[in-house]
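Numbering (this note's numbering), first residue to last: 35 to 592. Every residue gets a Cβ at the ideal spot worked out from N, C-alpha and C, and that includes glycine. Predicted, not measured: the structure shown is a model, and the values here were computed from it. Below: the structure, in structure tokens.
Listed below in structure tokens is the structure:
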């Protein structure tokens, strides 16, 4: 058959990533020829690295990388396609841009946990030899020139080779061929001369083999290298269409976010600002070990943080009540808040979840004596409008779950262990209500699972004592507004029947502001519409948020 131009398919991977198995797979096609690491001799010549086969390789393979690219990789061929297996570290500076600009590319990745245990059979493992940094560079360069390559994970090839190959062929715009699933055992004509050192295991294979049920122990002498390489693997894994899991169940589909703009945000964790997907705490952190953390919710209006000082007062009170040690200073927390908001460009219509955990432990366990690293500060800022329908009103039901008594856990401590509230919220969700009312141990009104609550009867504004409920900052703000509006305010025990027969009901909280309630336990509140006192206080609250707050540095009003 006469030679003609071929379409080149470039496979890029780190060593020990099933790249040879994949090369054998493509070699079974009737429309493709394969090349095994055509840039290897150039790599050894330029780097001067030693290999057991170095001299033989340099004497038998073309070692000028640009000649290899033009004459061998992109030279004429007898089949429609040419598959080039590349190891990422072999792409060195000085190679022609054609290598990246021409042909189709894809990236094969494998978890370093699976690569490193068998890596040192020929060469000592190192960050350079692993080549994951270069693999990330290859992905980014291809994306920048408009050729973002498909990324496949070796674990997927092992778990479901047919589906993975189908998907890859579809991405490469070539037809899948069933022959790709099987090959004969033993050495192959396309093998590089380094095969006796590297390919002993793959020569025993006749297809993609299922992974071991239980992996081999990890060599902890390579722990530092694992720490360096895993983030790079995870960066690439983010681009895999179908992600593998160490668990047997398939991964859940990616959910839609309530506010799509929050897909890309920056959060403060510990002492640094990181992207959303990197915003994580240690498995040894107290918030993971026992919900041992305190928190505040803050809102940003027109370049100002509303009631910042009051929220910080409560944060420090809660931390002191729980005997936290090595707590960041007030100024440090403020700077973390300001820095996070400024980095995100969030100066309005945003919400901050501010958390302070007892910190990381030296070993798992309940005792605060294990917390020797200091507290962990988390500043999570999101674009978030009020979470309730404050125009038409919300619906509540009464939960059977009672609010914690101070005999057990004082609600004045604004802690992260919210199971008491979550159980009530589950009841509300099951009833298709917006939230659930929680009663105290004597059956009187306490609060909802997420907010404080107010009741209006014959012009009097009633709210429960803050004995079982959190003395909310929005609650205190609204109580002040009630007095300023020259209304009668009573803080007392309120029975559930008083709620059912109220003229107006509303809830208060930083997340939802002042939210009118139009139905409770199936009973219509008032005439089922937002009442006049509620509307008046909503307007007063809105005016207050426009006029007060701590200004975010660098904010310029537009």
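Take the alpha-carbon of residue 194 and the one of residue 71: they are about 26 Å apart. When the beta-carbon positions are compared, residue 336 and residue 408 stay at least 7 Å from each other. In the DSSP assignment, residue 135 falls within the alpha helix (DSSP H) that extends over 132 to 135. No Cβ-Cβ contact shorter than 7 Å links residue 393 with residue 374.
Under the three-state reduction of DSSP output, residue 315 falls in the coil class, being neither helix nor strand. Look at residue 200 here: in three-state DSSP terms it is helix.
The residue from 205, 314, 443 and 563 with its alpha-carbon nearest to that of residue 44 is 205.
Beta-bridge partners of residue 487 (DSSP): 541. CA-to-CA, the gap between residue 57 and residue 353 works out to about 58 Å. Closest by C-alpha distance to residue 94, out of 100, 81 and 74, is 74.
About 7 Å separates the CB atoms of residue 388 and residue 371; that is less than 8 Å, so the two are in contact. DSSP, read as helix, strand or coil, puts residue 232 in helix. Around the C-beta of residue 487, 16 or more other C-beta atoms lie within 10 Å, and the residue is accordingly described as buried. Secondary structure of residue 70 (DSSP, three-state): strand. At least 7 Å separates the beta-carbon of residue 428 from that of residue 479. Our two residues, residue 381 and residue 589, have alpha carbons roughly 7 Å apart in a direct line.
DSSP lists 329 and 412 as the bridge partner or partners of residue 389. Closest in C-alpha terms to residue 162, from the list 104, 126 and 540, comes 126.
For residue 414, same chain residues with a beta-carbon under 6 Å away, outside a window of 5 residues either side, are 301 and 387 in chain order. DSSP places residue 269 inside the alpha helix (DSSP H), whose first and last residues are 257 to 271. By the CB criterion at 7 Å, residue 46 and residue 179 fall outside the cutoff. Looking at the DSSP output, residue 237 sits in no beta bridge, so it has no partner there.
If you draw a straight line from the Cα of residue 60 to the Cα of residue 250, it comes to about 29 Å. No Cβ-Cβ contact shorter than 7 Å links residue 542 with residue 495.
With distances taken between CA atoms, residue 214 lies nearest to 201 out of 201, 226, 48 and 101. When only Cα atoms are considered, residue 196 and residue 188 end up about 13 Å apart. If you draw a 10 Å sphere on the C-beta of residue 547, you find 16 or more other C-beta atoms in it, and that means buried. Unbroken alpha helix (DSSP H) stretches of 4 residues or longer found wholly inside the segment 463 to 528: 507 to 518, given in chain order. In the DSSP assignment, residue 55 falls within the alpha helix (DSSP H) that extends over 53 to 61. Distance between residue 296 and residue 341, taken at the CA atoms: about 24 Å. Straight through space, the alpha carbons of residue 155 and residue 231 are spaced by roughly 8 Å.
In this structure the segment 434 to 450 does not lie against the segment 558 to 574, because fewer than three pairs of beta carbons, one per stretch, are closer than 8 Å. C-alpha of residue 183 to C-alpha of residue 53: approximately 16 Å in a straight line. Note that the segment 318 to 326 touches the segment 443 to 461; at least 3 beta-carbon pairs, one per stretch, sit closer than 8 Å. DSSP, read as helix, strand or coil, puts residue 324 in helix. Around the beta-carbon of residue 272, fewer than 16 other beta-carbon atoms lie within 10 Å, marking it exposed.
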